[in-house]
Amino acid sequence: MEAVTDCSSLRTRRCWHCSIQPGKLLQCACPSKAPTQTLRLQERTRCSELVYYGNQGRLEYDFKVAPGVDPKQIALRFSEPEKVELTPAGVLVLATTAGDVRLEAPRVYQEIGEEQRPIAGRFILLATNQVGFELGAYDRSRALIIDPVLTYSTYLGGSGDEGCSAITLSVKPGCPAIAVDSAGNAYVAGPTTSPDFPIPSGTTPFQASPRGAADIFVTKLNSTGTALIFATYLGGTGADVSAGVAADSGFNVVVAGTTNSPDFPTNGTNAAFQPTPLSAGTHAFVSKLDSTGSNLVYSTYISGSNGGDNTTGLALDVRGRAYVTGTTTATNFPATSGAFQATPKAAHQFFMSKIDPTLTGSASLAYSTYLGGSVGPSGGVTMGGGIAVDTSSTSPGVFVTGGTDFTDMPVLNASQGTNAGGIDAFVAKFIPTNASGTELIYLTYLGGSGTDVGNGVAVDSGGSAYVTGSTDSTNFPAAGTGVFQPANAGGTNDAFLAKFNNPASGAVALTYSTYLGGGGNDVGLAVAVDSLQGARVTGFTDSSNFHTQAPVQASLGGGVDAFAARIDTTATTATAAGHYSTYLGGSGNDRGTGIAVDPQGASYIAGETASSNFPTHNPFQSGPSGSSDAFVSKLGAIVNLSITAPAPTPATTGVGNQVSFTYTITNSGDLTTGVTFSDVLPSNATFVSASTSPGSCGTPTGSPSTVTCSIGTLNAGATATVTVVLTPTVAGSLGNSGTVTVLGSGFTATASASATVSDFSISVAPASATVTAGTPATYTVTVTPVGAFPNSVSLSCTSGLPAATSCAFTNNPVPNLTNGPQSSVLNVNTTARPPTTAALAPNPRSGGPSYATFLPICAIAFLGLRVGGSRKRLILTSSLLIGFFALILFQAGCGGSSTKTPAATTGTPVGTYTVTVTGTSGSASRTTTLQLVVQ
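In the numbering used here, the protein residues as written are -16 to 918.
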């Protein structure tokens, strides 16, 4: 293989020769170095730097493209492949006589400070046997790094054994199991004989050292797999092995398994159902540790007195209640009142028990039943199995699988009503809260004419059940379209995956079924299911032709390897992009024994390894510590999100006026869930709103104030937009940064932008004016920008005006101040006061007008003047006199009621007044004052 670079007139060629031999991984050498499994090759030109990393026989590489260089000038040339092709997932496949070589789709990024900013990128086929790179938009002034996708993978163990094959001489039960919480932290439990199992410093484990021949380790890894959060031993003076681990919503850890210790710890905060075993021998147990791994909340035996009990599976419901399954030979294994099957039907039976660790004593055993048949050779065979529980909080459905040769299992609503021969798998669904006798919803056989065993079961959000195990039947039941592997590949066993629907009533139906294997021995041990009905399966294989698709590791690394697969049960073709299947192992024996899936679609695999070169990446523990260790590997989707720095709208604004920052988030990787946007709000602005499409935003919380938007799921190639609206409160630069993260992945990308914020002031001239009421006072109000203020300003008189006075501005609002100060003439309009009217003086006695007193005086005088006149005149005078006296009486009757009240005085009062003038722009206001003197 050659790396070819062409940089302007300079052509530089450096060759590294890689080969693949039958049954071996890709190995590389250069003329100055001998072939080796661990090889780092580096060559630098003025246009690019090429680095190959030989990671335990696996080829990985970086291209670092210099600023200004066109990455189209870089190509890979392969000298002797039979075929070079690209898969729909972007994986480069080189077909050679020795086998296929696969190069994963590149991860492309630029380093900006300490940030790795993702760039869209993919392989493209060029001329014969040459491959180039096609990239999205990026900053050509910065170096560009093209890097293959890597996963985290770590050893986990001490100087003894953590491999179940070495401790229990079997691969189920008792092997490492795994669970994952909503934050992507992994919980692992398994057996150990190590006196020095790693316990992180600064923590207080519940049990700091081992007590017996084999104890259980319980540990929590952080979301990147680089550090232990806590670890503890759990066990007594005998041998103790785990069969499952789970975490509840409070991050408390529940472990179930098998112990022959007479003193297994049961001194939890809540009293045990069975603090001591009913007899010596092996018995089931369930234990709950708090979220720190320091305290035992609950722990109990579940045992009979005259037989052995072995736990094979554990599940938790949404309320933290534990469900365990296994096998028993005891005739008095605990069965609760009204149990589906209260007594055994044969020497070997399955059991299913429900423990509520929030209760105490006998009340904590919420349900327990036998499950089995009576007709089968040698008392019947009970093998496996696994257990799962659905998401119902009130009446959860419990799913149990295993393998048996009983021909009279209590079949109900079955898709396969009879045993097809030998040992068959079975799948049963219970609702333990149902009335006695109605707990069993369905039970069906699953198998062909050979030996078929169910080892693991999972359930999706719709209640469909997924089962994995092993089969040597060539006629294993088939179902579905787009089946990943329709036929048995031969050999000892193939793994299988089967899916059953969730009928509202009547018979359950097999809706999907596939083999998974090659020509050797292939066994599925555990299964999980994602939100898209993709089944995640792990187990082990020694087949050199195991059915792989888009593998992380394309070939068998040693005698036995773990495998990990995702089977898309909704796919319409066998080669759909939703499928993948890969080896996972080194030169020794490695087995995948537990699997979990996080909300983002990443698979977490736990198992055992005896390889000194098990593939690792960013490990907590980079190499083995004993002859066998546990391992934990995370196979994640390609998380490749980019966030585009927004152009603030507007880019320049004034204080008090809103600015919008719109971020665009693009998914250049696989379908990604748990996408979250956060914005730490600047202190020089007030928050207005935040919105996202798709998704929703909350209200700001915390200190500093932060707004968070849940975008949710982004399909490959999809985009999301987030808009944050702020109002600046001071002049200067308004900066804003948005960060996108993916829950549980450690991925983060940030973009930022800033807007320029200006201010304004107002002034008035003259400072004082004197007017007579009824005439206006005239001022000039000037609005002056502090910077280029682009917004309008509204003017008003907000306080201090006297009565009967108003303000009027000739230029209001003042338009944008980009070109400098703007003025407005202010007229303060006063109102004239009306003149005062004089009134007659009142009579000091009656309060009436004084003319009422003058009338009788005048009349008497008039009478005196006419005495002695003619009779006609006398009559006339008498009449007038009578009238005058009547008038006098009338005036006296009216009294003061005839007085007039003068009209209220109006107009602007005399005085000196201070008037406040306010300029408002958006939510910002600035003020000044003027003086008004009214005469």
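Cβ coordinates follow ideal geometry from the N, Cα and C atoms, glycine included.
Task: Cα-Cα separation, I745 to T712 - done: 17 Å
Open item on the list: I need the boundaries of the beta strand (DSSP E) containing C780, first residue and last residue.
Closed with: S777 to S782
Open item on the list: For N940 and V615, I'd like the C-alpha separation in whole angstroms.
Closed with: The structure shown does not extend to residue 940, since the chain spans only -16 to 918, so no value can be given for it.
Open item on the list: Please state the DSSP three-state secondary structure of A346.
Closed with: helix
- [ ] Over the uninterrupted alpha helix (DSSP H) stretch that includes C158, give me the two end residues.
- [x] Unbroken run through C158: none, as it is neither H nor E.
TODO: Flag this pair as touching only if the region 369 to 379 and the region 319 to 331 have three or more C-beta atom pairs under 8 Å; answer yes or no.
DONE: no
- [ ] Report yes or no: do the region 674 to 681 and the region 605 to 615 share at least 3 C-beta pairs separated by less than 8 Å?
- [x] no
TODO: Could you tell me whether the region 631 to 650 touches the region 169 to 181, where touching means 3 or more Cβ pairs closer than 8 Å?
DONE: no
Task: Opening and closing residue of the beta strand (DSSP E) in which S643 lies - done: V642 to N650
Task: Per-residue DSSP class, three states only, for A791 - done: strand
TODO: Establish whether the CB of I161 and some CB of chain D are separated by less than 7 Å.
DONE: No chain D is present in this structure, which holds just one protein chain.
TODO: Could you tell me which residues DSSP puts in a beta bridge with F213?
DONE: K203
Task: Boundaries of the alpha helix (DSSP H) in which A149 is found, first to last residue - done: C147 to T151
Open item on the list: By the three-class DSSP mapping on this structure, what secondary structure does P602 have?
Closed with: coil
Task: Residue from L204, P188, T352 and A210 whose Cα sits closest to the Cα of S277 - done: P188
Open item on the list: Check this for me: beta carbons of G501 and A478, under 7 Å apart or not?
Closed with: no
TODO: Could you work out which residue in V520, G104, F116 and L354 is closest to K482 when comparing CA atoms only?
DONE: V520
Open item on the list: Using 8 Å for Cβ pairs, my map puts T763 next to A752. What's the rounded Cβ distance?
Closed with: With 8 Å as the limit, T763 and A752 do not qualify as a contact, their Cβ atoms being about 11 Å apart.
Task: C-beta atoms of S453 and N484 nearer than 7 Å - done: no
Task: Proximity winner among T891, A736 and G803, relative to N812 (alpha-carbon distances) - done: T891
- [ ] With a threshold of 16 other CB atoms inside 10 Å of the CB of V898, please say whether the residue is buried or exposed.
- [x] buried
Open item on the list: Taking 7 Å as the limit between beta carbons, can you name the residues of its chain near T319, skipping five residues before and five after?
Closed with: L348, Y350 and S351
TODO: Check whether the Cβ atoms of V797 and S807 lie closer than 7 Å to each other.
DONE: yes
- [ ] Could you work out which residue in V301, A298 and N293 is closest to T310 when comparing CA atoms only?
- [x] N293
TODO: Locate the beta strand (DSSP E) running through Q113, then write down its first and last residues.
DONE: Q113 to L118
- [ ] Give me whichever residues DSSP pairs with A518 in a beta bridge.
- [x] V512 and I550
TODO: Taking S782 as the reference, give the member of T901, N623 and L726 with the closest Cα.
DONE: T901
- [ ] Determine the contact status of A441 and V163, defining contact as a CB-CB distance below 7 Å.
- [x] no
Task: V450 classed as buried or exposed, judged by whether at least 16 other C-beta atoms fall within 10 angstroms - done: buried
Task: Extent of the continuous beta strand (DSSP E) to which D373 belongs - done: Taken as a continuous stretch (DSSP letters only), D373 belongs to no beta strand (DSSP E), as it is neither H nor E.
Open item on the list: Can you give me the C-alpha to C-alpha distance between Q914 and A750, rounded to a whole angstrom?
Closed with: 6 Å
TODO: Answer with buried or exposed for V512, where buried requires no fewer than 16 other C-beta atoms within 10 angstroms of its C-beta.
DONE: buried
Open item on the list: For T755 and V893, I'd like the C-alpha separation in whole angstroms.
Closed with: 9 Å
TODO: Have a look at V622 and F660 and give me their C-alpha separation to the nearest angstrom.
DONE: 15 Å
Open item on the list: Based on DSSP bridge pairs, tell me the residues matched to G369.
Closed with: T384
Open item on the list: By the DSSP assignment, the beta strand (DSSP E) with M335 in it spans what residues?
Closed with: Q332 to I338
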